[in-house]
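*Asks:* Residue 104 in full-length UniProt numbering sits at position 104 of the sequence shown, and the numbers go up by one each step.
Even for Gly, the Cβ is constructed at its ideal location relative to N, Cα and C.
These numbers were taken from a predicted model, which means no experiment stands behind them.
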Amino acid sequence: MSAPAEQPRSAKPSRPAPVAPAMDLEALIEDPATRIVVCCGAGGVGKTTTSAALALAAAEAGRTVVVLTIDPARRLAQSLGLEELDNEPRRVDVPEAPGELHAMMLDMKRTFDDIVVAHSTPDRARQILENPFYQSLSSSFSGTQEYMAMEKLGQLRASDQWDLIIVDTPPSRSALDFLDAPNKMGRFLDGTMIRLLAGSGRAGLKFASAGFMFFSKIISKILGGQLLRDISAFVAALDTMFGGFRERATATYELLRRPGTWFVVVATPEPDALREASYFVDRLSAEGMPLAGLVVNRTHPPATTLLSATRAEGAAERVIEADAEGADLAAAALRVHAERMIQAAREQHLADRFTSAHPEVAVRTVPAAAGDVHDLDGLRVMAEELTGPDDDTPTGTPRTRILPARRA
Ligand SMILES: Nc1ncnc2c1ncn2[C@@H]1O[C@H](COP(=O)(O)OP(=O)(O)OP(=O)(O)O)[C@@H](O)[C@H]1O
Ligand SMILES: [Mg+2]
1 MSAPAEQPRS
11 AKPSRPAPVA
21 PAMDLEALIE
31 DPATRIVVCC
41 GAGGVGKTTT
51 SAALALAAAE
61 AGRTVVVLTI
71 DPARRLAQSL
81 GLEELDNEPR
91 RVDVPEAPGE
101 LHAMMLDMKR
111 TFDDIVVAHS
121 TPDRARQILE
131 NPFYQSLSSS
141 FSGTQEYMAM
151 EKLGQLRASD
161 QWDLIIVDTP
171 PSRSALDFLD
181 APNKMGRFLD
191 GTMIRLLAGS
201 GRAGLKFASA
211 GFMFFSKIIS
221 KILGGQLLRD
231 ISAFVAALDT
241 MFGGFRERAT
251 ATYELLRRPG
261 TWFVVVATPE
271 PDALREASYF
281 VDRLSAEGMP
291 LAGLVVNRTH
301 PPATTLLSAT
311 RAEGAAERVI
321 EADAEGADLA
331 AAALRVHAER
341 MIQAAREQHL
351 ADRFTSAHPE
361 VAVRTVPAAA
371 GDVHDLDGLR
381 VMAEELTGPD
391 DDTPTGTPRT
401 RILPARRA
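#1: Quick check on this structure: which residue in A17, P18, T34 has the alpha carbon closest to the alpha carbon of F263?
#2: Determine, using beta carbons only, whether A309 and V319 come nearer to each other than 8 Å.
#3: Under a Cβ-count criterion, where at least 16 other Cβ atoms within 10 Å of its own Cβ denotes burial, should S10 be classed as buried or exposed?
#4: Can you check whether the CB of A53 is closer than 8 Å to the CB of A383?
#5: Nearest to P16 by alpha carbon, out of T365, V117, R380, T355?
#6: Check whether the Cβ of T365 lies closer than 7 Å to any heavy atom of ligand 2, and answer yes or no.
#7: Let's see if you can read the secondary structure: which residues bound the alpha helix (DSSP H) around L106?
#8: Compute every distance between the C-beta of T48 and the non-hydrogen atoms of ligand 2, then say whether any falls below 7 Å.
#9: Based on the DSSP secondary-structure assignment, which residues constitute the bridge partners of R92?
#10: Nearest to A267 by CA position, among G288, L291, N297, is which residue?
#11: Assign D93 to one of two classes, buried (16 or more other C-beta atoms within 10 Å of its C-beta) or exposed (fewer than that).
#12: Does the structure place the region 107-117 close enough to the region 23-39 that three or more beta carbon pairs sit under 8 Å?
#13: Is R63 helix, strand or coil by DSSP?
#14: Is the Cβ-Cβ distance between H300 and A368 less than 8 Å?
#15: Is there at least one Cβ from chain D nearer than 8 Å to R74's Cβ?
#16: Shortest alpha-carbon distance to P359 belongs to which of A324, L403, S278?
#17: What are the start and end residues of each continuous alpha helix (DSSP H) run of 4 or more residues lying completely inside the region 250-325, in chain order?
#18: Note down the Cα distance separating I342 from M108, rounded to an integer number of angstroms.
#19: For S159, count neighbouring C-beta atoms within 10 Å of its own C-beta (all shown protein chains included) and say buried if the count is 16 or more, exposed if not.
#20: The alpha helix (DSSP H) with T144 in it runs from where to where?
#21: Would you say P394 touches ligand 1, meaning its beta carbon is less than 7 Å from a heavy atom?
#22: Pick helix, strand or coil for residue 411, following the three-state DSSP scheme.
#23: Compute the minimum distance between the beta carbon of P171 and the heavy atoms of ligand 1, and state whether it is under 7 Å.
#24: Using the Cα positions of L25 and A57, report the straight-line distance between them to the nearest angstrom.
#25: Identify every run of the alpha helix (DSSP H) within the region 22-77, keeping only runs that are complete inside it and at least 4 residues long; order them along the chain.
#26: Helix, strand or coil for R364, going by three-state DSSP, please let me know.
#27: Spatial neighbours of F178 within its chain, please: C-beta separation below 6 Å, excluding the five flanking residues on both sides.
#28: Which whole-angstrom value is the C-beta distance of A42 and E276, which I expect to be below 8 Å?
#29: Taking DSSP's pairing of strands, which residues face V167 in a bridge?
#30: Measuring straight from C-alpha to C-alpha, what distance separates I128 and Y134?
#31: Shorter than 7 Å, the distance from the beta carbon of D107 to the closest heavy atom of ligand 2, or not?
#32: What residue does the alpha helix (DSSP H) around D123 start on, and which one ends it?
#33: Output the distance between the C-alpha atoms of T397 and T305, rounded to the nearest integer angstrom.
#34: From which residue to which residue does the alpha helix (DSSP H) around R380 run?
#35: Which of the three DSSP states is assigned to E339 in this structure?
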């Protein structure tokens with residue numbers, strides 16, 4: 001008797017899976033025209049790891065590359081030779097690489113301080129740097145990290161020392177924060193709001209009516225008079241310092257639109273991360289920013305796709321019933337496989353949903369490694385998953401997918 005024909009678990013007629021275009025990251029990072037790659041995505045999905053792995057692959061392809069990391073996990077930082085925040089790129093020793101890998105960790109406060117020093121007289125700079133309001137702003141304003149990452153990117157690009165700059169983005173709640181920060185920060189520092197609060201400058205004078213003075217007194221009670229005086233002094237110093245943060249922010253933002261810049265959106269095969277990726281993809285397209293594609297990171301492809309979950313479960317039951325030697329072990333292995341198939345199907349379903357909504361977006365899946373990715377060897381494995389050939393996976397499934405596409 002032959003085995004019964006396999007039935008899909010759901011009774012619904014199966015539609016053919018949407019086919020995502022393949023993302024060729026190898027060609028992208030090897031192309032001399034590629035100058036900036038920005039890795040973005042929701043929190044914890046693997047942006048920093050992806051950035052570092054792509055940078056390693058680029059150095060091994062002969063490019064002089066710098067990766068700007070933000071808050072890398074400690075062990076990863078150590079293996080890149082980044083013992084502490086120092087805000088300058090350090091060369092990473094990659095034996096036999098024809099190119100050069102340099103890595104740096106963003107030091108938000110130092111970057112901010114450097115801008116102040118570069119754009120004012122020594123006296124003014126000291127006043128600002130010592131100002132308590134400046135000190136808290138430069139290390140804690142929400143969006144400061146995103147803004148400073150862009151600022152640093154602008155500096156790295158201007159130095160013209162690098163073939164390729166790979167930018168990791170901060171662990172924001174939303175991937176969009178990175179794109180919104182320069183504008184938000186620019187608006188804030190341009191001072192309309194703080195000028196009003198501080199009652200200094202043109203806007204302040206205009207509102208210095210009795211009503212405003214009353215308002216200002218209340219604010220002063222809430223915020224504390226000292227803070228208000230700090231803000232006031234800070235704004236006054238800023239006023240004479242440079243022609244608007246907003247223009248700087250706009251300039252850095254424009255950098256992201258220039259040819260040679262590519263965005264890589266990273267997500268895990270989970271609803272929240274893919275939803276975030278979806279928003280981000282829409283936003284990039286609205287802004288005319290070039291998207292290389294979506295990395296679906298930490299997927300769980302099964303070791304084989306020849307045995308379905310249903311058949312593996314059925315086989316496990318039969319093995320137990322037969323009660324032969326080693327039955328428990330064999331049944332356990334079959335059940336692990338069944339679980340793995342179900343998980344892969346769930347992940348593939350989520351990825352398919354993304355592709356149905358964004359059929360033009362290229363995709364690359366990257367399987368979860370057994371442990372954390374924290375050294376050059378781990379990064380090399382990840383780099384291979386990101387940039388290696390598309391058609392040589394153990395199960396023969398192309399790397400745009402986790403499971404083979406169901407035939408129509
Ligand atoms: N493919 C992978 N296989 C196994 N572990 C991975 C993989 N990708 C990333 N990781 C691990 O997941 C954790 C989070 O990765 P990473 O720090 O790169 O994420 P992130 O998006 O930069 O996070 P954050 O938003 O906090 O900055 C790290 O411990 C990393 O080693
Ligand atoms: Mg990170």
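*Replies:* Put simply:
#1: For the residues A17, P18, T34, the minimum Cα distance to F263 belongs to T34.
#2: no
#3: With a pLDDT of only 48 at S10, under the threshold of 50, the placement of this residue in the model should not be trusted; the figure read from the coordinates follows. Counting Cβ neighbours within 10 Å, S10 comes out exposed, since fewer than 16 surround it.
#4: Yes.
#5: T355
#6: no
#7: Run containing L106: none; DSSP gives neither H nor E here.
#8: yes
#9: What sits at residue 92 in the sequence shown is Val, not Arg. V92 is bridged to L101.
#10: Nearest option by C-alpha distance: N297.
#11: Classification for D93: exposed.
#12: no
#13: coil
#14: yes
#15: No chain D appears in the structure shown, which is made up of a single protein chain.
#16: S278
#17: If only uninterrupted alpha helix (DSSP H) runs of at least 4 residues are considered, those enclosed by the region 250-325 are 271-287, 309-322.
#18: 43 Å
#19: exposed
#20: 144-159
#21: no
#22: The chain is shown from 1 up to 408; residue 411 falls before or after that span and cannot be answered.
#23: yes
#24: 10 Å
#25: 25-30, 47-60
#26: strand
#27: C40, E146, T169
#28: 4 Å
#29: V38, L68
#30: 7 Å
#31: no
#32: 122-130
#33: 9 Å
#34: 376-387
#35: helix
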